[in-house]
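Chemist:
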Amino acid sequence: MTKRYKLLGYISPLSSSAGFITPVFEKDSILYAQKINDAHKVTGFEKIHIDKLDIYDDMCDDYVGIGDYAIYSTQDRKLKISSGDVNYMKRYFKQNLHDYIDSPFFYRSISDFCQYTLPEYSGCITNKHYLFRKVISNLVPAFNKHNDVKLKKIENPSNKFNVYFQGSNSNDVTILESKHKNLSSLYKNFLLTAIEKNHRIKEEKTVRETLELDISSEILPYWINEKTTDYRTIRSYLVTLLDEKYKNQEAKKLCDTYHIVPSKPKTPHGNFLYNKEELEWVSSFNSKKISYENLSFVIFVTSLISKSAREDLDK
0 MTKRYKLLGY ISPLSSSAGF ITPVFEKDSI LYAQKINDAH KVTGFEKIHI DKLDIYDDMC
60 DDYVGIGDYA IYSTQDRKLK ISSGDVNYMK RYFKQNLHDY IDSPFFYRSI SDFCQYTLPE
120 YSGCITNKHY LFRKVISNLV PAFNKHNDVK LKKIENPSNK FNVYFQGSNS NDVTILESKH
180 KNLSSLYKNF LLTAIEKNHR IKEEKTVRET LELDISSEIL PYWINEKTTD YRTIRSYLVT
240 LLDEKYKNQE AKKLCDTYHI VPSKPKTPHG NFLYNKEELE WVSSFNSKKI SYENLSFVIF
300 VTSLISKSAR EDLDK
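In terms of numbering that gives the first Met the number 0, the numbers along the sequence shown are unbroken and rise by one, the last being 314.
(1) Can you find the residues in the same chain that come closer than 6 Å, C-beta to C-beta, to residue 105, ignoring five residues on each side of it along the sequence?
(2) Give the secondary structure of residue 175 by DSSP, where H, G and I count as helix, E and B as strand, and everything else as coil.
(3) Out of 208, 133, 121 and 196, state which residue places its alpha-carbon closest to the alpha-carbon of residue 319.
(4) Please list the segments of the beta strand (DSSP E) lying wholly inside the region 69-131, counting only runs of 3 or more residues, in order along the chain.
(5) Is the beta carbon of residue 305 sitting closer than 8 Å to the one on residue 230?
(6) Per DSSP, residue 45 forms a beta bridge with which residues?
(7) From 61, 53, 23 and 54, pick the residue whose C-alpha is nearest to that of residue 45; which is it?
(8) Determine the DSSP secondary structure at residue 204, reduced to helix, strand or coil.
(9) Short check: CB of residue 149 to CB of residue 311, under 8 Å?
(10) Nearest CA to the CA of residue 298: which residue from 307, 28, 237 and 287?
(11) Compare the beta carbon distance of residue 91 and residue 102 with 8 Å and say whether it is the shorter of the two.
(12) In chain order, what residues of the same chain have a beta carbon less than 6 Å from the beta carbon of residue 330, not counting five sequence neighbours either side?
(13) Just checking my contact of residue 41 with residue 47 at CB under 8 Å: how many whole Å lie between their CB atoms?
(14) Go through its chain and collect everything with a Cβ distance to residue 117's Cβ below 7 Å, but skip five positions before and after it.
(15) Between which two residues does the alpha helix (DSSP H) carrying residue 7 extend?
(16) How is residue 154 classed by DSSP in three states: helix, strand or coil?
(17) Leaving out the 5 sequence neighbours to the left and right, which residues in its chain are closer than 8 Å to residue 182 when beta-carbon positions are compared?
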């Protein structure tokens with residue numbers, strides 16, 4: 000009969016930060032940790048010697064034996080524990096991955112675990128890339144506070160394009176507000192504030208290049224009204240363009256001369272979602288000078304600002 004080990008609690012190397020934690024098992028009053036292979040299966044249990052657990056799980060009734068799927072565990076910044084096998088945790092992380100964009104190194108470990116990357120981190124490969132995003136993310140809460148950045152719910156917006164990209168009820172819209180006139184001004188002021196706080200930020204090629212952009216007039220569609228467009232829809236517009244940039248990069252590897260005709264996204268019933276204006280907007284953007292990496296950084300900054308504002312709204 001296979002010996003089974005009871006999940007008793009966790010060892011956490013972190014005090015209040017989000018991160019993976021180590022599940023600890025008990026058998027005959029002895030504590031154990033799992034040995035895990037590349038298939039995420041338990042190959043054995045190793046005795047561990049600790050004075051006490053960092054976190055006890057009194058309500059848990061999970062037992063694991065050799066050959067079972069291993070248990071992975073994490074805690075968020077509110078010390079909420081999430082625990083399960085590889086399939087459960089991948090689903091959980093993908094559903095909540097956006098919540099970790101302001102914790103770049105934990106995000107990186109989750110992304111590697113899931114083999115899934117958000118647009119905000121497209122092109123991030125080295126530790127330097129993640130460290131740079133960590134520096135940027137640390138500056139957002141104070142910036143939002145000093146610039147009155149808030150999310151505001153509005154009713155009955157007259158913007159039909161919300162439904163094309165967001166797929167949500169256009170009568171339920173939350174907009175991003177600040178003391179700045181539009182998203183482009185908000186974005187530029189954040190970067191200027193970041194440079195003022197840390198002069199080395201200006202040395203980053205991405206920062207120098209995106210400072211020259213006017214998001215509202217050079218990237219976003221001319222037909223949208225930022226004051227009545229859901230902030231998640233604006234992100235969807237940006238991600239649509241990032242996808243086109245990616246297609247361009249892949250096509251360029253195949254031939255020197257090419258022309259991209261954007262494919263039309265379909266509804267579950269097969270109806271096209273793009274209209275003529277939207278196709279012209281996506282196609283024309285292919286000729287603009289902004290790079291794939293820079294556009295990803297624009298999405299990262301705007302998502303960070305929106306996330307911080309959302310957390311304030313939920314308080």
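Ideal Cβ placement from N, Cα and C applies to all residues, glycine included.
In this text, all values refer to a predicted model and were calculated from it rather than measured experimentally.
Modeler: In short, the structure shows the following:
(1) Taking the sequence shown and counting its residues from 1, one reaches residue 105 at position 106. Answer for residue 105: 17, 18 and 99, listed in chain order.
(2) The residue you call residue 175 lines up with position 176 of the sequence shown. Note: residue 175 maps to strand in three-state DSSP.
(3) Summary: the structure shown does not reach residue 319, with the chain confined to residues 0 through 314, and so no result is reported for it.
(4) Taking 3 residues as the shortest admissible run, the region 69-131 contains the following complete beta strand (DSSP E) segments, listed from N- to C-terminal end: 71-74 and 80-83.
(5) Locating residue 305 in the sequence shown gives position 306, where the first residue counts as 1. Locating residue 230 in the sequence shown gives position 231, where the first residue counts as 1. In contact: residue 305 and residue 230 (Cβ atoms closer than 8 Å).
(6) For this step, residue 45 is matched to residue 46 along the sequence shown. Answer is 32, bridged to residue 45.
(7) By one-based count along the sequence shown, residue 45 stands at place 46. Answer by Cα proximity: 23.
(8) Along the sequence shown, one-based indexing puts residue 204 at 205. In the structure shown, residue 204 sits in a helix (DSSP, three-state: H, G or I).
(9) Counting from 1 along the sequence shown, the entry for residue 149 is found at position 150. Counting from 1 along the sequence shown, the entry for residue 311 is found at position 312. Yes. Within cutoff.
(10) Counting from 1 along the sequence shown, the entry for residue 298 is found at position 299. Taking only the C-alpha atoms, the option nearest residue 298 is 237.
(11) Counting from one through the sequence shown, the residue named residue 91 turns up at place 92. Counting from one through the sequence shown, the residue named residue 102 turns up at place 103. No. Outside cutoff.
(12) Nothing about residue 330 can be read from this structure; the chain reaches only from 0 to 314.
(13) Taking the first residue of the sequence shown as 1, we reach residue 41 at position 42. Taking the first residue of the sequence shown as 1, we reach residue 47 at position 48. Not quite, the Cβ-Cβ distance comes to about 15 Å (not below 8 Å), so this is no contact.
(14) In the sequence shown, the residue the question calls residue 117 occupies position 118. Closer than 7 Å at the Cβ level, and outside the excluded window around residue 117, lie 96, 97 and 100.
(15) As a working mapping, residue 7 is identified with position 8 in the sequence shown. That residue, residue 7, is in no alpha helix (DSSP H); its beta strand (DSSP E) goes 3-10.
(16) As a first step, residue 154 is located in the sequence shown; it is residue number 155 there, counting from the start. In this structure, residue 154 counts as strand in the three-state DSSP scheme.
(17) Counting from one through the sequence shown, the residue named residue 182 turns up at place 183. Excluding positions up to five away in sequence, the list reads 175, 214, 215, 219, 225, 233 and 301.
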